[in-house]
Amino acid sequence: MGWPAPPTTASTADVDMESPATVASTPSLHMRNLVNECFPVFETLAQRSRSTHPAELRPFVLAASKQYRAAMRTCANDMDTKQLDMEADLVHIVKASLALLHLCEILYLDATNDSVLAYAFAEWIQEHYAAMEIEDMDMTFFELQTQLATSVSSNVDLPPKYWPTIVQLILAGHGRKAWELLSLYSHANYSLATLEPLRQVLIHMPSQSSDSSWPAWHDACRTLAAGDLAKDMHFKMILHVLTHGADVADATPWYTQAVARCVLDDPKVHLSRTAQCTRLVTHLRASLSPLGPFEEMVVSLLEFDLSAALDAVQRMCASAFPFFPAHLMDLLSHAGHVARSEAFVLAYVDALLVSADPNATLLIAYLETCPLGGGPVLLSLLDAQRRSPTLTDFKADKLLLHAQTYGLRHFVKQLALDRGAYWTAKGRVGTAMTWLLRARDAVAIDALCEANWRDATRLHHIADVLEASDQADATAITAFTVAYHELLLVFSDVAELSRTKHAALAQVQQEAAKRLGMLCRSCDIPTSMWPTILSLVDQLVPLQPPVFTSSDLYAVLQAIQDQKLRFVRLSDEKKTATEGAVVAASLGVQKQIALCLAKALVLDV
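Start counting the sequence shown at 548; every next residue gets the next number (my numbering).
In structure tokens, the structure reads:
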């Protein structure tokens, strides 16, 4: 709450607050938690940036920054609690990064910040430099409150910390607390009514952008300093601090001086944000000389030299905490303050790749924001995941989805072939066929079919998968496999009905003959399967009355003839013993078919 402005004070319309200038090893558990917690924030912001005008994106960038900051604070607190020696340096880097992100929010992301930068910067220093001192000061404040509340006599000696604490509270900008301590003690010769002007200046110490009445407040302090109240040495000291804050702010440590300069000097609210930041740099350099490496980064941010600031951040975090430069650059680029640099994100991805089981979905989402340099890294990542011994079908499905998104057809095929080979080796031919169909590799599909024609159980699994799939690009082998499987099912029924002498046996035998005719008409029967097909024909041909129709018998004969012609056309060196045996076996079957055909023709007539 600021000093009440008199009617003659300049209105807030005279205040010129411009928008921020646009300027050009394996992770620990805490780090993994931070990575996983911040990934959805990064992904959401990236998705929103594709559909939102940059001018409307600022609130979402600020919200993302605050979420990052909360996660980083939790991470730092957790590491502080554990106090592991191996994380001693890392926790300092995380805390430094946390402070820099907070400062970037104040300077670059929070365009609607209603605090004068001097006061916001003072609060920033107190939070990230003087947290322990502020905590100790608050503890002392409450102790003094308790002691003074139980003392009703002005003759009681004041605690030694009384006046120093009041001065510290004023230097820190906590005028209201300073007055609370003053009001608890019956000061000799001064009633509370007499101290009312002092109360007013303390509880109305300017702290917001609306405090354009700083000159009026400061004039009130000067008036008190020239009055009777200044005859008391303690009140004189307080008033001297209020009126000459920058001159007497020689307290140690240095950041106490910096805070005092920010909260007691004229905030110059009419200045632009850039000009206010220049004053903050002056306050900082006046309080600390020479500046340390971290303070140099702070100065770069205050001077809007983001290029130098990001380079310094990258040097600080490159080896231990690449999370921060990647996300800071992302925020600043979304806010329009810097051009996007893929190097920061790629460095972060490289750091995540060293983990035992990197999250491919997370890494790919980061690489999506790197259209220039992310491609080779993405391919390398996907290939490493494909070769991982811990790869599961669930993970493979996710990899396929990512690869299909980017049109990586060769990778999709290779991954599906790998999974098919894996399940084939395990004897899970149905699952293997599912993957091979996704690979669309006709050679591998045909090979799996051919290898399992003589195993009824495996053939059943393969045929089920083939029937359930889209067979628009079916090969001759897959078509034969499905038809042959259906034929075997009918012959299985024939065998069972024959054993039980069921009345429906003849009808099922006719169905088997019909299926054989369909197989010979519609499929190119592989040479290796002709002995099996001929044996099935041989089972049905002798039956009386005939179960074959003349058309089915003609189909079988035509298929046998085609097989013979293929054999005859082959050169001697290409002819195999199997093909020769098939031709020889077909001669006997042909004779039986001829006899059966004669009877069938009679029945047809």
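Glycine included, every Cβ here is placed at the ideal spot set by N, Cα and C.
Give the straight-line distance between the Cα atoms of residue i and residue j, rounded to the nearest whole angstrom.
i: Val-885; j: Gln-804; result: 33 Å
i: Cys-824; j: Leu-664; result: 7 Å
i: Ala-1059; j: Leu-983; result: 31 Å
i: Lys-1121; j: Leu-900; result: Residue placement at Lys-1121 is poorly supported in this model, since its pLDDT is 49, which falls under 50; the coordinates are not used for a value here.
i: Leu-995; j: Asp-1011; result: 14 Å
i: Phe-841; j: Cys-809; result: 19 Å
i: Tyr-895; j: Asp-813; result: 43 Å
i: Leu-656; j: Leu-878; result: 8 Å
i: Leu-745; j: Leu-849; result: 35 Å
i: Tyr-1101; j: Ile-1024; result: 23 Å
i: Met-863; j: Ile-640; result: 8 Å
i: Val-638; j: Ala-623; result: 6 Å
i: Ser-1016; j: Ala-972; result: 22 Å
i: Asp-940; j: Gln-951; result: 16 Å
i: Gly-954; j: Lys-945; result: 14 Å
i: Glu-670; j: Val-806; result: 8 Å
i: Ser-866; j: Ala-943; result: 31 Å
i: Leu-705; j: Glu-690; result: 13 Å
i: Asp-1002; j: Gly-974; result: 12 Å
i: Cys-1070; j: Phe-958; result: 33 Å
i: Ile-785; j: Gln-747; result: 14 Å
i: Thr-1004; j: Glu-1043; result: 17 Å
i: Leu-818; j: Glu-743; result: 33 Å
i: Thr-981; j: Glu-915; result: 29 Å
i: Leu-1066; j: Asp-930; result: 43 Å
i: Val-1029; j: Asn-999; result: 12 Å
i: Lys-658; j: Arg-820; result: The sequence as given places Ala at residue 658; Lys does not occur at that position. Computed Cα separation, rounded: 10 Å.
i: Leu-835; j: Ser-847; result: 15 Å
i: Leu-1153; j: Tyr-737; result: The question about residue 1153 has no answer here: the residues shown for the chain are numbered 548 through 1152.
i: Pro-837; j: Ala-898; result: 34 Å
Between the options, which lies nearest to residue i when the distance is taken from Cα to Cα?
i: Leu-1013; options: His-1032, Ala-1003, Asp-1002; result: His-1032
i: Cys-651; options: Pro-869, Ala-611, Val-1088, Pro-744; result: Ala-611
i: Thr-1153; options: Ser-575, His-577, Phe-589, Leu-576; result: Summary: the structure shown does not reach residue 1153, with the chain confined to residues 548 through 1152, and so no result is reported for it.
i: Thr-789; options: Asn-906, His-751, Asp-930; result: Note that residue 789 is Leu in the sequence shown, not Thr. The candidate whose alpha carbon is nearest that of Leu-789 is His-751.
i: Leu-648; options: Trp-1000, His-957, Phe-941, His-874; result: His-874
i: Gly-977; options: Ile-1009, Asp-1002, Leu-962, His-577; result: Ile-1009
i: Ala-719; options: Pro-800, Asp-766, Ala-658, Leu-695; result: Pro-800
i: Cys-585; options: Pro-606, Arg-620, Pro-601; result: Arg-620
i: Thr-1074; options: Arg-1068, Asp-1109, Leu-1063; result: Asp-1109
i: His-781; options: Pro-837, Ser-819, Val-714; result: Val-714
i: Ile-992; options: Lys-960, Lys-973, Thr-1004; result: Lys-960
i: Asp-1034; options: Leu-1044, Gln-1091, His-817, Gly-1064; result: First, the residue type needs correcting, since residue 1034 is Leu and not Asp in the sequence shown. With distances taken between Cα atoms, Leu-1034 lies closest to Gly-1064.
i: Pro-905; options: Cys-917, Leu-786, Leu-925, Arg-1062; result: Leu-925
i: Arg-966; options: Gln-932, Asn-999, Tyr-709; result: Gln-932
i: Ala-677; options: Leu-716, Tyr-969, Pro-706, Leu-705; result: Leu-716
i: Asp-1085; options: Leu-1036, Ile-1140, Asp-632; result: Ile-1140
i: Leu-1107; options: Arg-1068, Asp-685, Ala-602, Leu-818; result: The sequence shown places Ile at residue 1107, not Leu. Per the Cα distances, Arg-1068.
i: Gly-883; options: Ser-575, Pro-601, Met-686, Ala-912; result: Pro-601
i: His-675; options: Glu-997, Tyr-913, Val-845, Leu-1090; result: Val-845
i: Val-1103; options: Gln-1091, Leu-1090, Ile-1072; result: Ile-1072
i: Ala-1087; options: Lys-1061, Met-876, Ala-643; result: The residue asked about is misnamed: residue 1087 is Leu in this sequence, not Ala. For the residues Lys-1061, Met-876, Ala-643, the minimum Cα distance to Leu-1087 belongs to Lys-1061.
i: Gly-722; options: Gly-774, Lys-783, Leu-811, Asp-775; result: Leu-811
i: Leu-581; options: Arg-887, Phe-868, Leu-1006, Met-633; result: Phe-868
Just confirm the distance between the C-beta atoms of residue i and residue j, as a whole number of angstroms; I'd bet it's less than 8 Å.
i: Ser-754; j: Tyr-666; result: 5 Å
i: Trp-726; j: Leu-749; result: 4 Å
i: Phe-891; j: Pro-872; result: 5 Å
i: Gln-692; j: Leu-739; result: Contact flag wrong, Cβ pair sits at about 16 Å.
i: Phe-1027; j: Leu-1083; result: In fact, because the Cβ distance is near 14 Å, the residues do not count as touching under 8 Å.
i: Ala-986; j: Ala-1021; result: That pair is no contact at about 15 Å.
i: Leu-893; j: Gly-920; result: 6 Å
i: Leu-910; j: Leu-928; result: 6 Å
i: Leu-604; j: Arg-595; result: 7 Å
i: Phe-668; j: Leu-827; result: 5 Å
i: Leu-728; j: Thr-741; result: Not a contact, Cβ separation roughly 17 Å.
Would residue i count as contacting chain B if we go by Cβ distances under 7 Å?
i: Val-860; result: Looking for chain B here will not work: only one protein chain is present.
Open item on the list: Tell me whether the segment 619-627 and the segment 851-860 touch, counting them as touching only if at least three CB pairs, one residue from each stretch, are closer than 8 Å.
Closed with: Between the segment 619-627 and the segment 851-860, the count of C-beta pairs closer than 8 Å stays below three; the two stretches do not touch.
Open item on the list: Check whether the segment 924-942 and the segment 612-621 are in contact - that is, three or more C-beta pairs closer than 8 Å.
Closed with: Touching, no, given that fewer than three Cβ pairs across the two stretches are closer than 8 Å.
Task: Meets three-Cβ-pair contact criterion under 8 Å: the segment 1051-1065 and the segment 1085-1105 - done: Pairwise C-beta distances place the segment 1051-1065 in contact with the segment 1085-1105, as three or more of them are shorter than 8 Å.
- [ ] Indicate whether the contact test is met: 3 or more Cβ pairs, each with one atom in the segment 1044-1051 and one in the segment 1079-1092, closer than 8 Å.
- [x] With a cut-off of 8 Å, the segment 1079-1092 and the segment 1044-1051 do not count as touching, because too few Cβ pairs lie within range.
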